[in-house]
Amino acid sequence: MSKLVIEGVSRTFPGVRGGAPTRALEPVDLRIADNDFITILGPSGCGKSTLLRIVAGLDAPSTGSVLLDGQAVTRPGPDRGMVFQSYTLFPWLTVRDNIRFGLVERGVPAAEQRRISEDWIAKVGLNGFENHFPKMLSGGMQQRTALARALANEPKILLLDEPFGALDNQTRALMQEMLLAIWEAEKKTVLFVTHDIEEAIFMANRVVVMSARPGRIKAEIAVDLPHPRHYTMKTTPEFAALKARLTEEIRIESIRAAEQMAAKPE
Amino acid sequence: MFRPLVPIARGWKIVLGIAFFVLFVGLWAAATFGGWVGPLFLKDPWQTVLSGWTLIAEHGYLIDIGITVWRVAGGFIVAAVIAVPLGILMGAYKPIEAFFEPFVSFARYLPASAFVPLLMVWAGLGERSKMAVIFIGAFFPLVLMVAVLVSATRRELVEAAYTLGAKPGGVVRRVLLPASAPQIAESLRLVLGWAWTYVIVAEYIAAERGIGKTIIDSQALAQTDQIIFGIVVIGIIGLVSDYAFKTVNQKLFPWSLA
Numbered sequence: 001m002s003k004l005v006i007e008g009v010s011r012t013f014p015g016v017r018g019g020a021p022t023r024a025l026e027p028v029d030l031r032i033a034d035n036d037f038i039t040i041l042g043p044s045g046c047g048k049s050t051l052l053r054i055v056a057g058l059d060a061p062s063t064g065s066v067l068l069d070g071q072a073v074t075r076p077g078p079d080r081g082m083v084f085q086s087y088t089l090f091p092w093l094t095v096r097d098n099i100r101f102g103l104v105e106r107g108v109p110a111a112e113q114r115r116i117s118e119d120w121i122a123k124v125g126l127n128g129f130e131n132h133f134p135k136m137l138s139g140g141m142q143q144r145t146a147l148a149r150a151l152a153n154e155p156k157i158l159l160l161d162e163p164f165g166a167l168d169n170q171t172r173a174l175m176q177e178m179l180l181a182i183w184e185a186e187k188k189t190v191l192f193v194t195h196d197i198e199e200a201i202f203m204a205n206r207v208v209v210m211s212a213r214p215g216r217i218k219a220e221i222a223v224d225l226p227h228p229r230h231y232t233m234k235t236t237p238e239f240a241a242l243k244a245r246l247t248e249e250i251r252i253e254s255i256r257a258a259e260q261m262a263a264k265p266e
Numbered sequence: 267m268f269r270p271l272v273p274i275a276r277g278w279k280i281v282l283g284i285a286f287f288v289l290f291v292g293l294w295a296a297a298t299f300g301g302w303v304g305p306l307f308l309k310d311p312w313q314t315v316l317s318g319w320t321l322i323a324e325h326g327y328l329i330d331i332g333i334t335v336w337r338v339a340g341g342f343i344v345a346a347v348i349a350v351p352l353g354i355l356m357g358a359y360k361p362i363e364a365f366f367e368p369f370v371s372f373a374r375y376l377p378a379s380a381f382v383p384l385l386m387v388w389a390g391l392g393e394r395s396k397m398a399v400i401f402i403g404a405f406f407p408l409v410l411m412v413a414v415l416v417s418a419t420r421r422e423l424v425e426a427a428y429t430l431g432a433k434p435g436g437v438v439r440r441v442l443l444p445a446s447a448p449q450i451a452e453s454l455r456l457v458l459g460w461a462w463t464y465v466i467v468a469e470y471i472a473a474e475r476g477i478g479k480t481i482i483d484s485q486a487l488a489q490t491d492q493i494i495f496g497i498v499v500i501g502i503i504g505l506v507s508d509y510a511f512k513t514v515n516q517k518l519f520p521w522s523l524a
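Structure follows, in structure tokens:
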């Protein structure tokens, strides 16, 4: 049985001030198995974030439904942990208290909260920064904390919306390896949205390519590269072949997206 | 030295801040001792200090100061205790905002000082009428400021809290409140300054004692030195309370600095 089932999910945003409604997402069907690492790759504005927000329950689909373990998703919940592209740590909480946020909400006993937060602080390599406020952290450290905060809740699925999009290349590469290591060790199910082709291949066991707006699934490509993955993999012929193929797929969509933008300036 | 937004050393900051006070008093002294301004119009600084001393030593001026501070504090605290929770509810819950906001916006434009005669009728000449003026002057703007601050909380933080399992009540308590707390404290500081304006006006019109009452009595006797002393006292109290507020805010919300 699939862990997450997306069935005929579409999204149309109502027109602004009498304008025509915007079709952001054509009906999408997608099945995600337990322990899958799926990346959704698409040009900007293709509705991939909209799809992720619908899975998170932060947005409602115009048609279709999302089922997690057979249960319909209607609102956000701790069973779907999310990391956003923008920095969303609570600025008034320390790293440790940010990670504890969901545990406090669930009423987990204090000792248990402590144990879980220490555990995740170590796993994302933030030892020594437990009592720092978010403002004192680099972008990479903030996103590591956000990741730990989501994972501390033991979600059934982890939703990542271009989590490393704002980071520099070196930091981004390190974060990718760290996330993969966590996924390999913890056997999580992950849905990861990105516009970066290398990232999409390196992280995933399946890449879902989306078309330009209105977004629909254009291709699903399995990535049969072995685990554990190391950054050197990005220079192997297999990786290069996948990258060439996806580059072609995305290029067509990016051109279409650019043409749409040129035709209809917003 | 004059590059935009470049901070200055702490020592220099203090020196420059004091320098203007010195310059100000210097100009005042020059104008009065130099004879450019007549003593009936403006007394010199030394005379002002002397008459201030007389007020304190012989006329129990400290009691007047105490009474005025008590009025400001009383009216302001009552206003804040009601306005802050109401503003939070309005900022958080849009139906509550839709219910109160138009009236509060209307009431905000009513000049609090215009209520003084009416409040005398309603609440008499006692302390309650003075505090009521301050309450009216502080309450309505404070409600609106708090409501705006709370509803301006970054949506991403609210969404993150929901994905972490927070319930709607938890979002108000654990996100909206802490996120806007430093700025709420900042608007309290601002509104406290306004409260001083209202208390003086209220005391001009009807009071037995107080800084405002002393000022208006001094006017009748053309004692500009006492008037200026009263104004300076208000300024000093404002400066001290402002500093206290800032210090407390920095202690309470260390995360908002740095």
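Residue numbers (my numbering), protein chains in the order written: chain A, 1 to 266; chain B, 267 to 524.
For glycine and all other residues, C-beta sits at the position ideal for the given N, C-alpha and C.
On a predicted model such as this, the values are computed, not experimentally measured, just so you know.
Helix, strand or coil: which one does DSSP assign to residue i?
i, result
"A/A222", "strand"
"B/L293", "helix"
"A/P27", "strand"
"B/R455", "helix"
"A/E118", "helix"
"B/G435", "helix"
"A/E266", "Low local confidence applies: a pLDDT of 49 at A/E266 is under 50, so the model's placement there is unreliable, and no value is given."
"B/V441", "helix"
"A/A56", "helix"
"A/R213", "coil"
"A/A200", "helix"
"A/E259", "helix"
"A/E162", "coil"
"A/I252", "helix"
"B/R269", "coil"
"A/T12", "strand"
Can you give the Cα-Cα distance for residue i and residue j, rounded to whole angstroms?
i, j, result
"A/S86", "B/A426", "11 Å"
"A/A111", "A/L147", "21 Å"
"B/K517", "B/L456", "18 Å"
"A/P109", "A/G8", "41 Å"
"A/G165", "A/D196", "9 Å"
"A/I250", "B/P448", "46 Å"
"A/E105", "A/G19", "41 Å"
"B/E474", "B/I333", "10 Å"
"B/A488", "B/L505", "27 Å"
"A/F13", "B/V414", "27 Å"
"B/W336", "B/G318", "21 Å"
"A/T79", "A/L52", "In the sequence as presented, Thr is not what sits at residue 79 of chain A; that position holds Asp. Their Cα atoms are separated by approximately 14 Å."
"B/L443", "B/A418", "11 Å"
"A/G139", "B/A451", "29 Å"
"B/V209", "A/E186", "The shown model of chain B, from 267 to 524, leaves out residue 209 of chain B, and the question about it has no answer."
"B/A349", "B/R440", "20 Å"
Between which two residues does the alpha helix (DSSP H) harbouring residue i extend?
i, result
"A/M175", "N169 to E186"
"B/S484", "I477 to A486"
"A/E105", "V95 to R106"
"A/G140", "G139 to L151"
Where does the unbroken beta strand (DSSP E) through residue i begin, and where does it stop?
i, result
"A/M194", "The displayed chain sequence assigns Thr, not Met, to residue 194 of chain A. V190 to T194 is the extent of the beta strand (DSSP E) around A/T194."
"B/T490", "Counting along the chain, B/T490 falls outside any beta strand (DSSP E), though it belongs to the alpha helix (DSSP H) covering T490 to L518."
"A/G81", "R80 to V83"
"A/F37", "F37 to L41"
"A/G64", "T63 to L68"
Closer than 7 Å by C-beta to residue i: which residues in its own chain qualify, once you throw out the five before and the five after it? Chain order, please.
i, result
"A/L289", "Look at the range of chain A in this structure, 1 to 266, and you will see that residue 289 of chain A is not part of it."
"A/I201", "V207, V223, F239, L242, K243 and L246"
"B/P407", "R374 and V457"
"A/A150", "G81, M82, V83 and L158"
Please go through the same chain and pick out, in chain order, the residues whose beta-carbon is closer than 6 Å to the beta-carbon of residue i, but skip the five residues on each side of it.
i, result
"A/E266", "With a pLDDT of 49 at A/E266, under the threshold of 50, the modelled position of this residue cannot be trusted, and the question is left open."
"B/D310", "T298 and F299"
"A/F90", "N98"
"B/E469", "G476, G478 and K479"
"A/G57", "V73, R75 and P76"
The ligand PLP and residue i: does the residue's C-beta get closer than 6 Å to at least one heavy atom of that ligand?
i, result
"A/K234", "Absence of the ligand PLP is noted for the structure shown, with no ligands found whatsoever."
In chain order, which continuous runs of the beta strand (DSSP E) of length 3 or greater are located wholly inside the region 294-368 of chain B?
none
Runs of beta strand (DSSP E) lying entirely within the region 368-436 of chain B, each at least 3 residues, in chain order:
none
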